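Have a look at the structure below, then the notes.
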Amino acid sequence: DTAVSQTPKYLVTQMGNDKSIKCEQNLGHDTMYWYKQDSKKFLKIMFSYNNKELIINETVPNRFSPKSPDKAHLNLHINSLELGDSAVYFCASSQERWGTNNEQFFGPGTRLTVL
Amino acid sequence: EDKVVQSPLSLVVHEGDTVTLNCSYEVTNFRSLLWYKQEKKAPTFLFMLTSSGIEKKSGRLSSILDKKELFSILNITATQTGDSAIYLCAVEGGSQGNLIFGKGTKLSVKP
Numbered sequence: 035d036t037a038v039s040q041t042p043k044y045l046v047t048q049m050g051n052d053k054s055i056k057c058e059q060n061l062g063h064d065t066m067y068w069y070k071q072d073s074k075k076f077l078k079i080m081f082s083y084n085n086k087e088l089i090i091n092e093t094v095p096n097r098f099s100p101k102s103p104d105k106a107h108l109n110l111h112i113n114s115l116e117l118g119d120s121a122v123y124f125c126a127s128s129q130e131r132w133g134t135n136n137e138q139f140f141g142p143g144t145r146l147t148v149l
Numbered sequence: 114e115d116k117v118v119q120s121p122l123s124l125v126v127h128e129g130d131t132v133t134l135n136c137s138y139e140v141t142n143f144r145s146l147l148w149y150k151q152e153k154k155a156p157t158f159l160f161m162l163t164s165s166g167i168e169k170k171s172g173r174l175s176s177i178l179d180k181k182e183l184f185s186i187l188n189i190t191a192t193q194t195g196d197s198a199i200y201l202c203a204v205e206g207g208s209q210g211n212l213i214f215g216k217g218t219k220l221s222v223k224p
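So the protein lines, in turn, are chains A and B.
Taking this note's numbering, the leading residue of the first sequence gets 35, the next gets one more, and so forth.
Taking this note's numbering, the leading residue of the second sequence gets 114, the next gets one more, and so forth.
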């Protein structure tokens, strides 16, 4: 029944490590997103994919690389983790691209802690 | 299971009308309730509520939380076409302490 799922739910790792967060949606949506939630609860868009193609790549370090093996999956790989990467990362999906007619369905979030 | 339910799912009004959007929740380890406005870009933060009965205001928007009855409302007075958006309610809590999102209310304001 889960619409948008993320794994893992928690991730605790050391600085300098490489880690991945996986996201899957079973809604048949064409567009998927990655957001980073900052300490003020703002949601900052990182990437958006539409039908496996990158359509939005906001100013994020090159250490972050999204990978979309198919339109139901959008994984986030992070190289050389830094303390400032600690945050909650949300995956979301929508039928079409952003717009007032396109509801986004959010995953449960992945809480990343870099020590 | 933790859940956040918003109503109505969609709403069409005319400019100048006042609207009330509802958000009810059943979430363990409640920490806060947040409202976002989603337009053509990422959802933008509107309010964060942690205490019952204290209204937060920003221009024509206001919101209040009732932790006893487990709901919040978002009011928009004198609506404008620019208010057309999807309004998301999210509750911080649950087993992970993350945001749990409702499905949103799609508001359309006609001229």
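Even for Gly, the Cβ is constructed at its ideal location relative to N, Cα and C.
Since the model is a prediction, treat every value here as computed from it, not as a measurement.
Around the C-beta of residue i, are 16 or more other C-beta atoms found within 10 angstroms, so that it is buried, or is it exposed?
i, result
"Leu88 of chain A", "exposed"
"Gly217 of chain B", "buried"
"Ser114 of chain A", "exposed"
"Thr163 of chain B", "exposed"
"Glu205 of chain B", "buried"
"Ile199 of chain B", "buried"
"Thr36 of chain A", "exposed"
"Thr131 of chain B", "exposed"
"Val117 of chain B", "buried"
"Lys219 of chain B", "buried"
"Glu137 of chain A", "buried"
"Ile167 of chain B", "exposed"
Near residue i, which residues of its chain fall below 7 Å by C-beta distance, leaving aside the five closest residues on each side in sequence?
i, result
"Ser165 of chain B", "Leu178, Asp179, Lys180, Lys181"
"Gly236 of chain B", "There is simply no residue 236 of chain B to check, as chain B begins at 114 and stops at 224 in what is shown."
"Glu58 of chain A", "Ser39, Ala106, His107"
"Lys150 of chain A", "Residue 150 of chain A lies beyond the residue range present for chain A, which begins at 35 and ends at 149; the question has no answer from this structure."
"Val148 of chain A", "Thr47, Met49, Leu115, Glu116, Leu117, Asp119, Ser120"
In terms of DSSP beta bridges, what is residue i paired with?
i, result
"Arg145 of chain A", "A:Tyr44, A:Val122"
"Ala203 of chain B", "B:Leu147, B:Phe214"
"Glu58 of chain A", "A:Ser39, A:His107"
"Thr157 of chain B", "B:Lys150"
"Glu168 of chain B", "None; Glu168 of chain B has no bridge partner."
"Glu87 of chain A", "A:Asn84"
For residue i, collect the residues of the same chain with a Cβ closer than 8 Å to its Cβ; drop the 5 residues on either side in sequence, then sort them by chain order.
i, result
"Ser54 of chain A", "Asn109, Leu110, His111, Ile112"
Excluding the 5 residues preceding and the 5 following residue i in the sequence, name in chain order all residues of the same chain whose CB lies nearer than 6 Å to its CB.
i, result
"His127 of chain B", "Lys223"
"Ala203 of chain B", "Leu147, Leu212, Phe214"
"Phe140 of chain A", "Phe124, Ala126"
Closer than 8 Å is the cut-off here; do at least three beta carbon pairs connect the region 181 to 200 of chain B with the region 115 to 123 of chain A? Segments in contact, no.
Three Cβ pairs or more, each shorter than 8 Å: is that satisfied between the region 140 to 151 of chain B and the region 175 to 191 of chain B? Touching, per the Cβ criterion.
Given a limit of 9 Å on CB to CB distance, which residues of the region 144 to 163 of chain B reach chain A? The region 144 to 163 of chain B vs chain A, Cβ under 9 Å: Ser145, Leu147, Tyr149, Gln151, Glu152, Lys153, Lys154, Ala155, Pro156, Thr157, Phe158, Met161.
Evaluate contact between the region 90 to 100 of chain A and the region 36 to 46 of chain A, counting only Cβ atoms and requiring at least three cross-stretch pairs below 8 Å. Between the region 90 to 100 of chain A and the region 36 to 46 of chain A there are fewer than three C-beta pairs closer than 8 Å, too few to call the two in contact.
Can you find at least 3 beta carbon pairs, one from the region 126 to 136 of chain B and one from the region 149 to 166 of chain B, that sit closer than 8 Å? Result no; under three Cβ-Cβ pairs closer than 8 Å.
Specify whether the region 138 to 147 of chain A and the region 207 to 215 of chain B touch according to this definition: at least 3 beta carbon pairs, one from each stretch, less than 8 Å apart. Contact between the region 138 to 147 of chain A and the region 207 to 215 of chain B is present, because at least three Cβ pairs lie under 8 Å.
The region 190 to 204 of chain B: which residues have C-beta closer than 9 Å to a C-beta of chain A, in chain order? Cβ contacts with chain A: Ser197, Ala198, Ile199, Leu201, Ala203.
Got a sec: which bits of the region 58 to 75 of chain A sit with their beta carbon under 9 Å from any beta carbon on chain B, in order along the chain? The residues in question are Tyr67, Tyr69, Gln71, Lys74, Lys75.
Which of the residues in the region 207 to 221 of chain B, read from start to end, lie with their CB under 9 Å from any CB of chain A? Cβ proximity to chain A below 9 Å picks out Gly207, Ser208, Gln209, Gly210, Asn211, Leu212, Ile213, Phe214, Lys216, Gly217, Lys219, Leu220, Ser221 from the region 207 to 221 of chain B.
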